[in-house]
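Residue numbers (this note's numbering): 3 to 490. Some notes on the structure that comes next.
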Ligand code: URP
Ligand code: ZN
Ligand code: ZN
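What follows is the structure in structure tokens.
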């Protein structure tokens with residue numbers, strides 16, 4: 003029997019904080035040796051001239067998810083995870099969405115049933131909470147956390163999804179007690195509604211008006227409130243899909259103060275802008291997402307905040323809806339913009355875009371690329387025990403990148419079920435050419451070698467807030483509040 007199942011030889015290996023030349027030996031699905039001149043393997047992959055990087059972890063994507071109005075995403079767990087794998091990912095964390103009246107146990111069971119037979123790479127779930135009843139708060143959330151679901155998403159907007167501030171505080175309290183992270187879709191519901199009403203009343207109904215209908219100030223106000231609520235309880239919050247400089251600054255300021263605040267942005271806010279929505283007919287609907295695309299200056303600011311570390315997480319927010327009655331146009335072929343399904347595809351392009359335009363163009367280092375691809379996510383979302391770096395003892399989840407391969411992006415070359423990419427026509431250099439999951443080659447020479455259902459559910463650990471001291475609010479401190487212990 004060979005010493006190794008697989009050796010990846012002669013590549014440049016990089017993690018979030020180091021880059022070195024080494025061979026990687028893999029045994030029983032784990033990285034078992036990192037050294038020079040490893041031999042005695044069943045399979046040797048020559049990685050000379052290539053980068054050997056941890057498999058990406060895509061931490062914000064909507065897969066086989068019903069929207070609150072009953073729409074199903076275009077991708078199921080097979081097409082989405084195949085597409086993710088072609089984009090250099092070996093793990094995804096999509097959402098399991100509670101709709102009002104549903105029990106979390108039922109929702110989770112349903113999403114396990116969707117993912118298990120189809121996912122080709124490993125997966126976990128964040129749970130979306132829309133109905134924080136006493137049962138959900140006291141029993142269901144703690145049970146989900148004990149089952150390895152250590153993050154929850156809440157919405158501050160959308161009638162069928164939103165929680166109010168008191169509900170958010172209750173959710174944060176449970177999350178704090180059990181070591182979970184609360185992800186927040188932060189937009190001010192009233193400001194958005196006010197804008198939407200004004201635009202529709204004045205007959206501005208085309209898709210492009212979606213952009214001004216969710217004003218920048220709406221995002222900033224809601225991020226400010228989220229940070230205030232999270233900081234009040236000294237429990238971690240992660241603001242998802244940040245699209246504005248004002249929002250990013252609030253996150254940076256909170257982090258400077260040691261508060262437990264994380265920020266995420268997405269490729270659409272770095273590579274696209276709102277003017278691109280000014281298209282004939284309903285074509286602009288393809289670019290309706292929330293928060294919306296902003297202007298070119300905002301795009302530059304979001305890049306800067308990614309570079310300076312304000313955002314620790316960079317996710318696709320893959321939310322695939324086709325431009326037809328199954329998706330974007332479910333309310334009719336000429337629906338006004340508030341009735342258009344929101345979301346863009348991007349699970350396959352997330353990492354190639356950042357590698358080409360971020361790393362190869364000198365905007366970020368290779369190690370920063372790895373941190374955004376996998377390393378930061380593994381720590382924040384509790385996967386660091388098994389994923390996120392090429393380390394002896396961790397899963398051999400590896401993507402081998404060819405930094406010289408240049409290709410034009412077209413919808414035809416994507417592996418999702420969308421038939422559309424917002425990045426059509428871009429020339430991208432640097433692609434993952436071999437992808438390995440737990441030691442098995444799942445993509446090589448543009449060919450998929452993974453079976454449906456090959457992915458495993460991964461139980462996640464509590465959020466890691468190392469280096470974020472926070473503080474106990476005086477009113478919650480028995481030393482300052484006449485002795486009341488809130489048992490937080
Ligand atoms: O437009 C978007 N992003 N749709 C997906 C749902 C969400 O809020 O992330
Ligand atoms: Zn959202
Ligand atoms: Zn989303």
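Virtual Cβ for every residue (Gly too), placed ideally from N, Cα, C.
Query                                                                                                                                                                    : Result
CB of residue 292 to nearest heavy atom of ligand 2: below 8 Å?                                                                                                          : yes
Identify which residue in 32, 111 and 148 has its Cα closest to the Cα of residue 463.                                                                                   : 148
For ligand 2, which residues have a Cβ under 6 Å from at least one heavy atom, in chain order?                                                                           : 187, 242 and 243
Going by DSSP, what residues sit across from residue 303 in a beta bridge?                                                                                               : Bridge partners of residue 303: none, in fact.
Please report the straight-line C-alpha distance between residue 298 and residue 54, rounded to a whole angstrom.                                                        : 34 Å
In angstroms with no decimal places, state the Cα-to-Cα distance between residue 214 and residue 197.                                                                    : 8 Å
Between residue 6 and residue 42, is the Cβ-Cβ spacing less than 9 Å?                                                                                                    : yes
Does the distance between the C-beta of residue 321 and the nearest non-hydrogen atom of ligand 3 fall short of 8 Å?                                                     : yes
How many whole angstroms separate the CB atoms of residue 235 and residue 171, which I take to be in contact at a CB cut-off of 8 Å?                                     : 7 Å
Grouping DSSP H, G and I as helix and E and B as strand, with all else coil, what is residue 408?                                                                        : strand
Any chance the CB of residue 346 is under 8 Å from a heavy atom of ligand 1?                                                                                             : yes
Where residue 3 and residue 262 are concerned, what is the direct C-alpha to C-alpha distance, given to the nearest angstrom?                                            : 49 Å
What would DSSP say about residue 34, mapped onto helix, strand or coil?                                                                                                 : strand
Between the stretch 482 to 489 and the stretch 200 to 213, can you find at least three pairs of beta-carbon atoms closer than 8 Å?                                       : no
So what's residue 249 in DSSP terms, helix, strand or just coil?                                                                                                         : helix
Looking at the strands, I want to know which residues DSSP matches up with residue 266.                                                                                  : 315
With 16 other CB atoms within 10 Å as the buried threshold, where does residue 271 fall?                                                                                 : buried
Measure from the alpha carbon of residue 399 to the alpha carbon of each residue in 387, 407, 408 and 410, then state which is nearest.                                  : 387
Keeping to the same chain, check which residues put their C-beta closer than 6 Å to that of residue 152; ignore five residues upstream and five downstream.              : 182, 384, 462 and 464
Around the Cβ of residue 162, are there at least 16 other Cβ atoms within 10 angstroms (buried) or fewer (exposed)?                                                      : exposed
Does DSSP classify residue 86 as helix, strand or coil?                                                                                                                  : helix
Just to confirm, is the Cβ distance from residue 68 to residue 101 under 9 Å?                                                                                            : yes
Over the uninterrupted alpha helix (DSSP H) stretch that includes residue 356, give me the two end residues.                                                             : 352 to 356
Assuming residue 6 is part of the beta strand (DSSP E), what are its boundary residues?                                                                                  : 6 to 16
Ignoring anything shorter than 3 residues or poking outside the stretch 411 to 455, list the beta strand (DSSP E) runs there in chain order.                             : 429 to 439 and 442 to 446
Looking only at its own chain, which residues have a Cβ that is under 8 Å from the Cβ of residue 59, when we skip the five neighbours before and after it?               : 91, 92, 93, 94, 95, 375, 376, 379, 380, 383, 385, 389 and 390
If we count the other Cβ atoms within 10 Å of its Cβ and call it buried at 16 or more, is residue 439 buried or exposed?                                                 : buried
Can you give me the start and stop residues for the beta strand (DSSP E) that residue 226 sits inside?                                                                   : From DSSP, residue 226 is part of no beta strand (DSSP E) but of the alpha helix (DSSP H) over 218 to 235.
Going by beta carbon distance, what residues of the same chain come within less than 6 Å of residue 13, once the five residues before and after it are set aside?        : 49, 52 and 54
State the start and end residues of the unbroken alpha helix (DSSP H) segment that holds residue 60.                                                                     : Segment 58 to 63 is the beta strand (DSSP E) holding residue 60; no alpha helix (DSSP H) there.
For residue 478, I'd like the list of residues in its chain whose CB is within less than 7 Å of its CB, leaving aside the five on either flank, ordered along the chain. : 488 and 490
Within the continuous alpha helix (DSSP H) that includes residue 143, where are the two ends?                                                                            : 143 to 148
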